[in-house]
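Undergrad:
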Amino acid sequence: MGEKITIYGTEIELPEKPPIEEIENWGTDNPKEQYWRKKPLPDFFRTVEFDKDGNALLDYQQSNYAKEEVRRCKEGFWFFNNGHPTFVTGKNYFYLQWWKLEDDIYPDYRDLDRRYFLFLNHWEKIPTCIGILIGKKRRQGQTSVATSNLVYECIFYKNSVCGLTSKTQIDAKAAFTNMVSFGYRQLPVFLKPKQLNNKDSVTELVFAHKSVEQKGGRASTIDTDTGHRSKIDYRAPSPNVYDSMRISRILIDEGAKLPKEVPFSTMISIISKTLVKGVKRVGFAECPSTTNAMSNGGEEFKKVWDNSNQFRYPAKTPTRFVKYCTPAYDGYLGFIDRYGMSVIDEPNEEQYKYLVENFVGIGDLTEEDVRGGAKLYLENKRKLLSGSDLEEAIRMEPFNEEEMFMYAGGGCEFNAENIKAQIKELEENPVYIRQARLVSKKEKVPKKFPTEKDKDREVIGFMDDVKGGWFILEPPMKPNDYKEFGGYLEPKVESPYIIGVDTVQQDRIAENGSDPAICVFKKSVIVDGEETGMYPVALWVSATRLDIDFDEEVRKACLWYSAKANYEIDRRTDYWRHFCKKNSQAFLQWTPKVLQNPLKRNFRLEFGSRSGDSFQLHQMLEISKYYFDGTDNEVYNGHVHRIKFIELLKQALTYDHKNRTPSDLVVSLQMALVAIFGETQIVKPSNSRTKILPTYKINMAV
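The numbering used here runs 13 ahead of the 1-based position in the sequence shown.
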């Protein structure tokens, strides 16, 4: 049994340590001189013979050397690092020893990379895992690692079909030509399968059947049954970028920066189907990325990230991907010592001397910076920034997962920090929310007098349904507590609930995929001096085939919660017909008082609220701010902490009052809020006139 280590929450077992004489010691017993060095190709490889078909013929000495290198690339490599036996995987060895970077240098050994390769090697052996999402800092070198792994796949596995895409076609082409193609051309002949197409091809590499054989013998350096007949290409990003073939390995670079028309969640769901055949995994994906703003691609990446949480789904994640993230101060250039170890905190004297000699003076790094370590250096950089600049800097160099998806509040209508804190709280301590559908049925109401007949009364209930559009945090305190007079239905005045409704256009053409939404809101309920209300208790989040189907969902919620519904009426005004037909028009909310412009003399009341009216639109935002942020600039007295629906909070975080269409849940909440909030903010015109002279009442004789 080998040593067990933990990397990003995953327990990984290392191979059993070999005898000490088989561990590379770099020709010295002095631990201080034991560190990674790339060994040059021996002089006896200066000339290599080729047959008429272009296959290399290696002599005995060349063949023995090549076989050992191939073994290391497959099985891994042990070496002494500062006196400590250290293991790197085969892919890691291939990357360090033979892969040349785009700037024409070979990579340095970094413990950061070693840990990733060990993590990768572990999950590649788990059949239920088809890929890794990698959150990273900029210029970490993760794309170089992934391109190395693409070529490795084609060298050591037969019939490999590999692909590459990035945030734009230009970026995909650059990664292919500057990394994949360039790195392949620099490989030694015994690791380079014969290329069938033009060696300078900028679109794909197609490899031949044979690579090299031993001159005068039968054994080949790389068995023809274990490699070749493979290819690598790149493609411009699109939802269907790879969708019609088996993919052995794919690099999806900068997925969190894809354009809006190419949602990462859609792309990854389609690509995932090319990585499996039935239940069997046939391919693997690496997806390294820094993160764009949540409103510019980051949110789509986060959707997949959250569903790739191996800590929450230890058996198999919903996406079959796992996630991996390291803090920016780990492996930060300028703070890596001679042995590839990260200098995160204060360095020892040996590290300090090495860092000063190698990094101070080549950029903005000072000796004082080195003394504090990488973490303090980055923290001090952040102190010089604010707003959107700080937000961008944090996302590009995050310390943790939360910072990967940083939204500092630049452009956010509400206090972003409070919203993020509540999202984090719900992610760590999720609440139980039932997915259900509302069901209407009739029940008999016994007659009160002998001369009367029994009556049928409509009763609303709910049924758990994984395909239901309702997400219920709390059922009503008194279900179906509405009144009925002469067949007409109406809510009770003292009802503790109100319903907000966001609709779509009457012609059913919704922009940006907006769906109608319903928010059932519990009003203020004070019990023993404590607030027990002021939060949404149910949401409808689903599309419907017809408007009338949606209106019926609103009506059923009105009956169940005995609550009025405030519609946003700019897009639709026909809903009242359905309520009238069902004798339920009393459940429709007239334009709330707070939205009635006191300076508009001919203002007409309507069933609902109009965001197309500038006065009403402004009031909607102001009341929303009162609810989310409170009224005190110094002491928080808002209600964000009461919201238990994560999707609603996420929409609030990116809510744009100038473009409300994507934020259907927030709009439905606003419709509920304006119906119960803001009465104290109503500007009431005075009916009295200023008295210039005193007036008197005179009693006239009759």
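Cβ coordinates follow ideal geometry from the N, Cα and C atoms, glycine included. All values reported here derive from a predicted model rather than from experimental measurement.
#1: Could you tell me the alpha carbon to alpha carbon distance between Tyr48 and Tyr170, rounded to whole angstroms?
#2: Less than 8 Å between C-beta atoms, sequence neighbours within five positions excluded: which residues of the same chain meet that for Leu398?
#3: For Met476, which of helix, strand or coil comes out of DSSP?
#4: Can you tell me where the beta strand (DSSP E) holding Lys437 begins and where it ends?
#5: With a threshold of 16 other CB atoms inside 10 Å of the CB of Leu612, please say whether the residue is buried or exposed.
#6: Which residues mark the beginning and the end of the alpha helix (DSSP H) in which Asp184 is found?
#7: If distances are taken between C-alpha atoms only, which option among Lys149, Asp72 and Val254 comes closest to Ala269?
#8: Expressed to the nearest angstrom, what Euclidean distance is found between the alpha-carbon atoms of Arg384 and Glu359?
#9: Should Asp350 go down as buried or exposed, given a rule of 16 or more other Cβ atoms within 10 Å for buried?
#10: Which residues in the same chain have their Cβ closer than 7 Å to the Cβ of Asn253, if we skip the five residues on either side of it in sequence?
#11: For Ala685, tell me which candidate among Asn650, Pro675, Gln602 and Gly651 has the shortest Cα-Cα distance.
#12: What are the boundary residues of the beta strand (DSSP E) that Val554 is part of?
#13: Quick one: any contact between the segment 129–143 and the segment 321–336, if contact means 3 or more CB pairs under 8 Å?
#14: Less than 8 Å between the CB atoms is what I'm expecting for Glu426 and His652, so what's the real figure, rounded?
#15: By how many angstroms is the C-alpha of Phe418 removed from the C-alpha of Met490?
#16: Taking 8 Å as the threshold (C-beta atoms), are Glu299 and Leu264 in contact?
#17: Runs of 4 residues minimum, wholly inside the segment 267–295: which ones carry the alpha helix (DSSP H) assignment?
#18: Count the other CB atoms within 10 Å of the CB of Gln74; is the residue buried (16 or more) or exposed (fewer)?
#19: Is Arg585 closer than 8 Å to Thr516 when the C-beta atoms are compared?
#20: Starting from the N-terminal side, write out each stretch of the beta strand (DSSP E) that is 3 residues or longer and does not extend beyond the segment 555–608.
#21: Taking the straight line between their C-alpha atoms, what separation do you get for Lys433 and Arg127?
#22: Identify every run of the alpha helix (DSSP H) within the segment 630–702, keeping only runs that are complete inside it and at least 4 residues long; order them along the chain.
#23: According to DSSP, simplified to helix, strand and coil, what is Cys142?
#24: With a CB to CB cut of under 7 Å and the five nearest residues on each side skipped, what residues in its chain are close to Phe130?
#25: Out of curiosity, what's the CA-to-CA distance linking Gly546 and Lys315?
#26: How big is the Cα-Cα spacing for Glu789 and Val317?
#27: If you measure from the CB of Arg128, is any heavy atom of the ligand SAM nearer than 7 Å?
#28: Nearest by alpha-carbon distance to Pro44: which of Asn94, Glu29, Asp64 and Gly500 is it?
#29: Could you tell me the alpha carbon to alpha carbon distance between Asp528 and Asp560, rounded to whole angstroms?
#30: Which residues in the same chain have their Cβ closer than 8 Å to the Cβ of Glu692, if we skip the five residues on either side of it in sequence?
#31: So, under 8 Å CB-CB, Leu177 and Ile118 are touching, yes? Tell me the CB distance rounded to an integer number of Å.
#32: Could you pull the start and end residues of the beta strand (DSSP E) that Gly22 belongs to?
#33: Could you check the C-alpha separation between Asp64 and Ala341 for me, to the nearest Å?
#34: On the DSSP letters alone, give me the boundaries of the alpha helix (DSSP H) that Phe107 sits inside.
#35: With C-beta atoms as the reference, is Leu125 less than 8 Å away from Asp343?
#36: Please report how far the alpha carbon of Asn172 lies from the alpha carbon of Pro32, in whole angstroms.
TA: Taking the coordinates as given:
#1: In the sequence shown, the residue the question calls residue 48 occupies position 35. In the sequence shown, the residue the question calls residue 170 occupies position 157. Using only the alpha carbons, I get a separation of about 31 Å.
#2: Within the sequence shown, residue 398 is the residue found at index 385, counting from 1. Only Ala406 meet the Cβ criterion.
#3: As a position in the sequence shown, residue 476 is number 463, starting the count at 1. Strand at Met476.
#4: The residue given as residue 437 occupies position 424 in the sequence shown. From DSSP, Lys437 is part of no beta strand (DSSP E) but of the alpha helix (DSSP H) over Ala429 to Glu441.
#5: Counting from 1 along the sequence shown, the entry for residue 612 is found at position 599. The residue in question, Leu612, is exposed, as its Cβ has fewer than 16 Cβ neighbours within 10 Å.
#6: Residue mapping note: residue 184 aligns to position 171 of the sequence shown, counting from 1. Where Asp184 is concerned, the enclosing alpha helix (DSSP H) stretches over Gln182 to Ala188.
#7: For the purposes of this step, residue 269 is taken as the residue at position 256 of the sequence shown. Answer by Cα proximity: Lys149.
#8: As a first step, residue 384 is located in the sequence shown; it is residue number 371 there, counting from the start. As a first step, residue 359 is located in the sequence shown; it is residue number 346 there, counting from the start. Cα to Cα, the separation comes out at about 6 Å.
#9: One-based indexing of the sequence shown puts residue 350 at position 337. By the neighbour-count rule (16 or more Cβ atoms within 10 Å), Asp350 is buried.
#10: The residue labelled residue 253 in the question sits at position 240 within the sequence shown. If we look at Asn253 and ignore the five residues flanking it on each side, its Cβ neighbours are Ile283.
#11: Counting from one through the sequence shown, the residue named residue 685 turns up at place 672. Out of Asn650, Pro675, Gln602 and Gly651, Gln602 has the C-alpha closest to the C-alpha of Ala685.
#12: For the purposes of this step, residue 554 is identified with residue 541 of the sequence shown, where counting begins at 1. First-last of the beta strand (DSSP E) with Val554: Tyr548 to Val554.
#13: yes
#14: Sequence index remark: in the sequence shown, residue 426 carries index 413 (1-based). Sequence index remark: in the sequence shown, residue 652 carries index 639 (1-based). Not really, about 15 Å apart at Cβ, beyond 8 Å.
#15: Translated into the one-based positions of the sequence shown, residue 490 becomes position 477. Translated into the one-based positions of the sequence shown, residue 418 becomes position 405. Answer to the nearest angstrom: the Cα atoms are 38 Å apart.
#16: Indexing the sequence shown from 1 puts residue 264 at position 251. Indexing the sequence shown from 1 puts residue 299 at position 286. The answer is yes: Cβ separation under 8 Å.
#17: 277–285
#18: Here residue 74 refers to the residue found at position 61 of the sequence shown. Classification of Gln74: exposed, given that the 10 Å Cβ count is below 16.
#19: Walking along the sequence shown from the start, residue 516 turns up at place 503. Walking along the sequence shown from the start, residue 585 turns up at place 572. The answer is yes: Cβ separation under 8 Å.
#20: 577–580
#21: Position 420 of the sequence shown, counting from 1, holds the residue named residue 433. Position 114 of the sequence shown, counting from 1, holds the residue named residue 127. Distance between the alpha carbons of Lys433 and Arg127: 33 Å.
#22: 659–666 and 677–689
#23: Here residue 142 is taken as the residue at index 129 of the sequence shown, counted from 1. DSSP places Cys142 in coil when its eight states are reduced to three.
#24: As a first step, residue 130 is located in the sequence shown; it is residue number 117 there, counting from the start. The residues are Val101, Thr102, Lys104 and Asn105.
#25: Indexing the sequence shown from 1 puts residue 546 at position 533. Indexing the sequence shown from 1 puts residue 315 at position 302. The alpha-carbon atoms of Gly546 and Lys315 are separated by roughly 31 Å.
#26: No information on residue 789 is available, as it lies outside the stretch 14 to 715 that the chain covers here.
#27: The model on display carries no ligand, and the ligand SAM is accordingly not part of it.
#28: Sequence index remark: in the sequence shown, residue 44 carries index 31 (1-based). Pro44 has its Cα closest to that of Asn94, out of Asn94, Glu29, Asp64 and Gly500.
#29: For the purposes of this step, residue 528 is identified with residue 515 of the sequence shown, where counting begins at 1. For the purposes of this step, residue 560 is identified with residue 547 of the sequence shown, where counting begins at 1. Looking at the two C-alpha atoms, the distance is approximately 11 Å.
#30: Residue 692 sits at position 679 when you count from the first residue of the sequence shown. Note that Glu692 has pLDDT 46, beneath the 50 cutoff, so the model's placement of it is unreliable and the number below is only indicative. Closer than 8 Å at the Cβ level, and outside the excluded window around Glu692, lie Lys606 and Val607.
#31: Counted from its first residue, the sequence shown places residue 177 at position 164. Counted from its first residue, the sequence shown places residue 118 at position 105. Actually they do not touch by this definition, with Cβ atoms about 22 Å apart.
#32: Your numbering for residue 22 matches position 9 in the sequence shown. From DSSP, Gly22 is part of no beta strand (DSSP E); its letter is neither H nor E.
#33: Stepping through the sequence shown from its first residue, residue 64 is reached at position 51. Stepping through the sequence shown from its first residue, residue 341 is reached at position 328. Distance between the alpha carbons of Asp64 and Ala341 is about 50 Å.
#34: As a working note, residue 107 is residue 94 in the sequence shown. Taken as a continuous stretch (DSSP letters only), the alpha helix (DSSP H) holding Phe107 covers Gly103 to Trp111.
#35: Position 112 of the sequence shown holds residue 125. Position 330 of the sequence shown holds residue 343. Yes. Within cutoff.
#36: Position 159 of the sequence shown, counted from the start, is the residue given in the question as residue 172. Position 19 of the sequence shown, counted from the start, is the residue given in the question as residue 32. So the two alpha carbons sit approximately 36 Å from each other.
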